[in-house]
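Only one structure is covered here, and it is reproduced in the block below.
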Amino acid sequence: MAGKSSRPEPESTAPTPALTIERLKHRPDFLRCARGLRKVTPSFALEAAPTPEKFLKPNCARVGFTATRKTIGGAVQRNRAKRRLRAAAQAQFPLYGMPGHDYVLVARAGTLTRPFVELLADLGASLKDVQEKLGQMRILSI
RNA sequence: UCAGAUGGCCGGAUGGCCGCUGGCCCAGCCACCAAAUCGAGAAUGUCUAGGAGCGACUGACGUUUCCCUCUCAAUUUGGUGGCUGGGCUGGAGGAAAGUCCGGGCUCCACGGAAACACGGUGACGGAUAACCUCCGCCCAGGGCGACCUGAGGGACAGCGCCACAGAAAGCACACCGCCUACCCGCGCAAGCGGCGGCAAGGUUGAAAUGGUGCGGUAAGAGCGCACCGCGUCUCCGGCGACGGAGAUGGCAUGGCAAGCCCCACCGGGAGCAAGACCAAAUAGGGAUGGCAUGACGAUCCGUUUCCGGAUUGCCAUCCGGGUGGGUCGCACGAGGCGCGCGGCAAUGCGCGUCCCAGAGGAAUGGCCAUCCCUUCAGCGAUGAAGGACAGAACCCGGCUUACAGGCCAUCUGACGCU
Numbered sequence: 103m104a105g106k107s108s109r110p111e112p113e114s115t116a117p118t119p120a121l122t123i124e125r126l127k128h129r130p131d132f133l134r135c136a137r138g139l140r141k142v143t144p145s146f147a148l149e150a151a152p153t154p155e156k157f158l159k160p161n162c163a164r165v166g167f168t169a170t171r172k173t174i175g176g177a178v179q180r181n182r183a184k185r186r187l188r189a190a191a192q193a194q195f196p197l198y199g200m201p202g203h204d205y206v207l208v209a210r211a212g213t214l215t216r217p218f219v220e221l222l223a224d225l226g227a228s229l230k231d232v233q234e235k236l237g238q239m240r241i242l243s244i
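Numbering (this note's numbering), first residue to last: 103 to 244.
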């Protein structure tokens, strides 16, 4: 925890030169995020948790995508839902993502039907909301 | 023109902004390797590394140049790999689906053969790497027709079943019926009763022991005859399944094999998470229970031999820890397209040409605009909503299932015109 507190202030994340984004690939990471913070919108559900020390890289956030057969449908629908979420993440994470954290975007029924502009707005608002809560948690833990 | 049959094809189009991924090329940076050049150093020092040339010389010796060995550093060139940037180029399907068959490929098992078991296939001829596939043909059924449908071997090898209905459903049967010729009794007689004969007609059923007609008879019956069906034999056609003709029998073996079964043929098992390799990590942690608690060996302790003690074992379950990487397999194949030849066709042969997805929480896209199509509203201009089924995962040949809309060819029937 002491090592984490040496990071720059949360306000200065936006002008940080290049936030690299990696993809979550392993089931334990998804499970850990599911136990973390959760923010639900009509477009999707956003889950977030700090990246474990072991996989921590400077100035890097990790994102994963999930779409279940039960809520979304067949392979074609699930692929399309994940692609829309990926495109939205690519637009919004460099602006609002926090380095040193893992995020998971869970597709919901609205992921396919919601207009893309609103999907982007949902993601931006959710990321800001999660950013505040994570910031509070960090201050409390110090 | 309408209705229909069969086969084949397509499966929205164009542009803009922002992205993902494979291949090739270029540039920059980094790392490694090799070579060359230059420099420094080492050997190298009281005893002056070695060699060659040169000068000089009796000789000792002197001097200069060059080559060879090792180490370090720098520069240049080339190669390999990584990262970043740029350019060019490729990037889901007809079913990618279901995972139902058949193969290739991989690993495992296995001495050969046979038998048994299990599973599959089932007219005939061909195609194929192979098939439960495909083509042709035969038979049966359906349709005016083009054409369609068919698990299509065996029911005298055996067992079993045939519900309900019906008189009778496998040693067939006699309910309603038909007859009274022969024989017996009664009666003058008609007739009645008995002894009997029959299965034509009715009824049931998926199915009733050949059908129709004539003769025949007391009534009837393949009892006789003709035609049809069926069986057997002969001849002809066909590679064959089978078809045709003739003779003959006098009607026989009812159905179910998708109940068991019999016959013929085929079949090792598991699958790319197969499997191979590199790197990393672990190299045996703890608990509980069971077995052995011997022998051999090792280590330790008792000073040493003898002797004694301790540790070390195996199996199961649970808990904990580590492992999140990469390369190959893996994209040139029973490959696509075109032409020619053989074949009715499935398909085969030859020539030419092309390289055409390779991901790995899994790319092949996200958004916008215009056009196209469909539906709805509207007289209309137009507006609104929407875009079939569906996403490669080792590859190939099939089958099955899903599918908005559209195109082409051939053929059939009806109507109209010439």
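For each residue, glycine too, the CB sits at the ideal point set by N, CA and C. Computed from a predicted structure; not experimentally measured.
With respect to the 8 Å criterion, Y198 and A163 are not classified as neighbours on the basis of their beta carbons. A residue is called buried when at least 16 other Cβ atoms come within 10 angstroms of its Cβ; P201 meets this threshold and is buried. It is roughly 22 Å from the alpha-carbon of G166 to the alpha-carbon of M239. Counting only residues of its own chain and dropping the five nearest sequence neighbours on each side, P152 has a CB closer than 6 Å to the CB of H203.
Note on the stretch 173-242: whole alpha helix (DSSP H) runs with a minimum of 4 residues are 177-198, 212-215, in chain order. Checking the DSSP bridge columns, you'll see R171 has no partner listed.
In the three-state reduction of the DSSP assignment, R137 falls in the coil class.
Assigned with DSSP and collapsed to three states, P154 falls in coil, not helix or strand.
The beta carbon of A191 lies closer than 6 Å to those of V165 in the same chain, with the five residues before and after it left out. A residue is called buried when at least 16 other Cβ atoms come within 10 angstroms of its Cβ; E234 does not meet this threshold and is exposed.
The beta carbon of A183 sits closer than 7 Å to those of A169, I174, A209, T213, L214, all from its chain and outside the five residues before and after it, given in chain order.
With contacts defined as CB atoms closer than 8 Å, L207 and L187 qualify as a contacting pair. Per the C-alpha coordinates, the member of K172, S145, T122, Q194 positioned closest to L229 is Q194.
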